[in-house]
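Report on the following structure.
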Amino acid sequence: MKVACVLFIFTLATANAQTIKVLEAGSNEPISGVLISNKNKSKTVITNFNGEADLDKFEDNEVIFFENLIYNSAQSTKAALQSSNNQIFLTLSIEGLNEVVISVSKFEQSKRDIPQTVVSIDQEEIAFTNPQTSADLLNATGNIFLQKSQLGGGSPIIRGFSTNRLLISVDGVRMNNAIFRGGNIQNVISIDPFTIKNTEVALGAGSVVYGSDAIGGVMNFYTSKPQLSYKDSLFFKGNALLRYSSANEESTSHVDLNFGFKKWAFLSSFSFTDYDDLRMGRHGPEAYLRDEFVVRQSGTDLVVSNPNPLIQRPTAYNQINLMQKARYEASDKLFFDFGVHYSTTSDYARYDRLILYENNQLKYAEWNYGPQKWFMGNAQITRLSSKSNLYDKLQVTLAYQNFKESRNSRVFQSEIRQQREESVDALSFNLDLEKQLMPKLNLFYGVEYIYNKVHSFGLEENITNESSITTVSRYPNGSSWQSAAAYGSFKYKPNSKFVFQTGLRYNYVRTNASFEENNEFLNLPFEEAKLNSGALTGTAGFSWNPNETIQWKLNASTAFRAPNIDDIGKVFDSEPGSVVVPNNDLKPEYAYGGELGLKLNFENKVIIDLATYYTFLDNALIRREFTLNGESQITYDGEVSDVQAIQNSSKAWIYGFEAGLEVKFTDALTLRSQYNVV
127 MKVACVLFIF TLATANAQTI KVLEAGSNEP ISGVLISNKN KSKTVITNFN
177 GEADLDKFED NEVIFFENLI YNSAQSTKAA LQSSNNQIFL TLSIEGLNEV
227 VISVSKFEQS KRDIPQTVVS IDQEEIAFTN PQTSADLLNA TGNIFLQKSQ
277 LGGGSPIIRG FSTNRLLISV DGVRMNNAIF RGGNIQNVIS IDPFTIKNTE
327 VALGAGSVVY GSDAIGGVMN FYTSKPQLSY KDSLFFKGNA LLRYSSANEE
377 STSHVDLNFG FKKWAFLSSF SFTDYDDLRM GRHGPEAYLR DEFVVRQSGT
427 DLVVSNPNPL IQRPTAYNQI NLMQKARYEA SDKLFFDFGV HYSTTSDYAR
477 YDRLILYENN QLKYAEWNYG PQKWFMGNAQ ITRLSSKSNL YDKLQVTLAY
527 QNFKESRNSR VFQSEIRQQR EESVDALSFN LDLEKQLMPK LNLFYGVEYI
577 YNKVHSFGLE ENITNESSIT TVSRYPNGSS WQSAAAYGSF KYKPNSKFVF
627 QTGLRYNYVR TNASFEENNE FLNLPFEEAK LNSGALTGTA GFSWNPNETI
677 QWKLNASTAF RAPNIDDIGK VFDSEPGSVV VPNNDLKPEY AYGGELGLKL
727 NFENKVIIDL ATYYTFLDNA LIRREFTLNG ESQITYDGEV SDVQAIQNSS
777 KAWIYGFEAG LEVKFTDALT LRSQYNVV
């Protein structure tokens, strides 16, 4: 009888004890800090870091409410939860989508806790904007200026910084490579806007988390994840789109398919875009008009009249984007994500070179970029733990990328086509961890290793007899760029109104380039360049929210950019009559800056966002006049050109002011305005 009573009591206790898990719909990530209560709030409990909570205090059929500031509320009962495997999924609210950011620490934080300006673009806003490229998506924010001299272009500018002083990240993988140049770069167009779940742009320095190049800002693109069914049946979801634009005769087709199972899910995406020649506006600069262009007929270059000078010939090109993803959830605390991305363009013309005149005739018969190709294969492991002394959340990211680009040019009436082709193999490893040391103190830390290998070739092709000879390559073939780093940052939140964050990073960068092959043509006074540099960067700032309406932000930070292969070893015609040559005597450039911001949020109806910033750039790497073996001019591609080189020879002070206004008239009508002064 005693044994039977004990068994009955144990069974009763087991029946009443019920631990549930609150997860984010779509990503299946656990949600901490969810308030679980009954209707009159006489019974409450809050989910832990793993999204778990014990419902012992609630009755079986009692209505239970789930609330969080950035998620839509939900309700259920213990009985209903038990039938759904003790899990409940919350969806992000429209406001919440813009209130959670990952980019600043690589882990989710409330935007109100961040001491620097972060611009967020969610999937719904991307669909509404309907951008042709990811570059156009960035431009639509109002905080990012875009340099775009041809259809295949799109080079972002943030707070006066551009190109290799900005950093691009895709799914946590650094896209910047060893040949990111000081001139305009178009790599952002390789990212398919149809696959982007959300984009976060951190304005200002980000070197503590992201290392070299993150001086002016960090652009983080997070692509969609496959969705699981969490049950034995299949979850299928598909989207298809056709689009046409008249100004550039754009035609786009896109399809994506999601197959979700209990533990596995797969997402496939395909996009194809074809652009015809761009038609400029009637009130544009006359210098951009195309009165005539070159065609080749019967082995001869001919100049023909353009019947419509507003049509910029040739600017047409096409682009293909492919993405394949897989997700495996081994348990509720262990996730595996795999992704393959591929993007390629056709050849596309450099229009500003094709409209150049020399001696009253067009200088070039051809000047085009070859296909810009990007491949990335990445794997990410996410592990949650409430027992480890080292982490609560751990992420390991491995990636391989390959970048290919080329340039082809031919002077009018010349039989020689100059061809230069580059390829970069990029390997990266990231280990990022988060640990709650105390209820009010969080630690974010990690390590990173990056290896880049550069392949570069130059050819002179005779288009008449199709013979070719080797010529000077754009970069030293076989050169390498390596980076190893460790970082750590703390987040201290003594109360709901004040947050202080600080961090440090040490980065070691090694650059190795051999000029033996190019010295056959250049006769440089050195055979190789080996640069080893270390950089310690830091940041400190606070966010103060005295009430729900006001948020003050103050942040100070340092950042750096280590010389890459483009800086020390490039050979190219920077402008008509000038040629850039290698320089093996370079050091990193450093940036020291601060930001003060004020945000006024009147019940999400009217939002005013103000910020002012200042950056001092020391040892700036810029292009200036140079001498090679005592000569200020050399012959390059058959033309006598002034010699230039990248040099540490400047200081720069950049400061500015930003003002943003958002007025929400209704759920369907919102006014946004942005004003920037640099």
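Heads up: take any position in the sequence shown, counting from 1, add 126, and you land on the working numbering. Yeah, the Cβ is synthetic: ideal placement off N, Cα and C, and Gly gets one too. All values derive from a computational prediction rather than experimental measurement.
Check                                                                                                                                                                                               : Outcome
Quick check on DSSP: helix, strand or coil for serine 316?                                                                                                                                          : helix
Take every Cβ of the region 515–535, pair it with every Cβ of the region 285–299, and state whether three or more of those distances are shorter than 8 Å.                                          : yes
Considering only residues of the region 548–617, which uninterrupted beta strand (DSSP E) runs meet the minimum length of 3 residues and lie entirely inside it, listed in chain order?             : 567–588 and 594–596
What residue from Asn324, Ser377 and Ser431 has the CA that sits closest to tyrosine 401's CA?                                                                                                      : Ser377
Tell me whether the beta-carbon of arginine 536 lies closer than 8 Å to the beta-carbon of glutamate 492.                                                                                           : yes
To which residues of the same chain is leucine 223 closer than 6 Å at the C-beta, ignoring the five residues directly before and after it?                                                          : Residue placement at leucine 223 is poorly supported in this model, since its pLDDT is 47, which falls under 50; the coordinates still yield a value, given next. Within the same chain, leucine 223 has close Cβ partners Asp248.
Mind reading off the beta-carbon distance from leucine 510 to lysine 561? Whole number of angstroms is fine, and I expect it under 8 Å.                                                             : The pair is not a contact, with the Cβ atoms about 12 Å apart (cut-off 8 Å).
Which residue from Leu736, Ser767 and Asp763 puts its Cα closest to that of glycine 106?                                                                                                            : No answer is possible for residue 106: the residues shown for the chain start at 127 and end at 804.
Thinking C-alpha only, which one of Tyr571, Met564, Phe570 and Pro602 is nearest serine 582?                                                                                                        : Pro602
Do asparagine 447 and aspartate 318 come within 8 Å of each other at the CB atom, strictly closer than that value?                                                                                  : yes
Could you check how far apart the C-beta atoms of valine 707 and leucine 648 are, in whole angstroms? I think they sit under 8 Å.                                                                   : 7 Å
Could you tell me how far apart the beta carbons of lysine 232 and glutamine 144 are, in whole angstroms, since I believe they sit closer than 8 Å?                                                 : Actually they are not in contact, since the Cβ atoms of lysine 232 and glutamine 144 sit about 34 Å apart, beyond 8 Å.
Does the Cβ-Cβ distance between threonine 665 and alanine 456 come in under 8 Å?                                                                                                                    : no
What residues match up with alanine 685 in a beta bridge as DSSP calls it?                                                                                                                          : Ala717
Does lysine 204 come out as helix, strand or coil in the three-state DSSP assignment?                                                                                                               : helix
Please report the Cβ distance between serine 350 and glycine 386, rounded to the nearest whole angstrom; I am assuming they are in contact, meaning their Cβ atoms lie under 8 Å.                   : 12 Å between Cβ atoms; not a contact.
In the DSSP assignment, find the unbroken beta strand (DSSP E) run with threonine 471 in it and report its ends.                                                                                    : 460–471
Can you tell me which of Ile252, Glu715 and Thr441 puts its alpha carbon nearest to the alpha carbon of arginine 291?                                                                               : Glu715
Can you tell me whether DSSP reads arginine 479 as helix, strand or coil?                                                                                                                           : helix
Report yes if the C-beta distance between tyrosine 474 and glycine 278 is below 8 Å; otherwise report no.                                                                                           : yes
For alanine 682, collect the residues of the same chain with a Cβ closer than 6 Å to its Cβ; drop the 5 residues on either side in sequence, then sort them by chain order.                         : Ala666 and Gly720
In three-state DSSP terms, what is phenylalanine 385?                                                                                                                                               : strand
Starting from the C-beta of proline 620, find all residues in its chain whose C-beta is less than 7 Å away, skip the five residues before and the five after it, and write them out in chain order. : Lys566
Using the Cα positions of aspartate 518 and lysine 183, report the straight-line distance between them to the nearest angstrom.                                                                     : 27 Å
Helix, strand or coil for valine 537 per DSSP?                                                                                                                                                      : strand
Using only alpha-carbon positions, find the residue among Thr441, Val327 and Glu592 that is nearest to alanine 373.                                                                                 : Thr441
Please classify isoleucine 691: is it buried, with 16 or more other beta-carbons within 10 angstroms of its beta-carbon, or exposed?                                                                : buried
Who pairs with phenylalanine 396 in a beta bridge, going by DSSP?                                                                                                                                   : Val381 and Leu448
Please report how far the alpha carbon of leucine 520 lies from the alpha carbon of isoleucine 507, in whole angstroms.                                                                             : 8 Å
Starting from the N-terminal side, write out each stretch of the alpha helix (DSSP H) that is 4 residues or longer and does not extend beyond the region 208–274.                                   : 220–223, 249–255 and 260–265
Return the residue from the list Lys731, Phe686 and Gln770 that minimises the CA-CA distance to threonine 741.                                                                                      : Phe686
Label glutamine 487 either buried or exposed according to how many other C-beta atoms from any shown protein chain fall within 10 Å of its C-beta, with 16 as the threshold for buried.             : exposed
Can you give me the C-alpha to C-alpha distance between phenylalanine 112 and serine 758, rounded to a whole angstrom?                                                                              : Outside the displayed span of the chain (127 to 804) sits residue 112, for which this structure offers no information.
Please state the DSSP three-state secondary structure of arginine 408.                                                                                                                              : coil
Taking the alpha-carbon positions, what's the proline 689 to leucine 743 distance?                                                                                                                  : 15 Å
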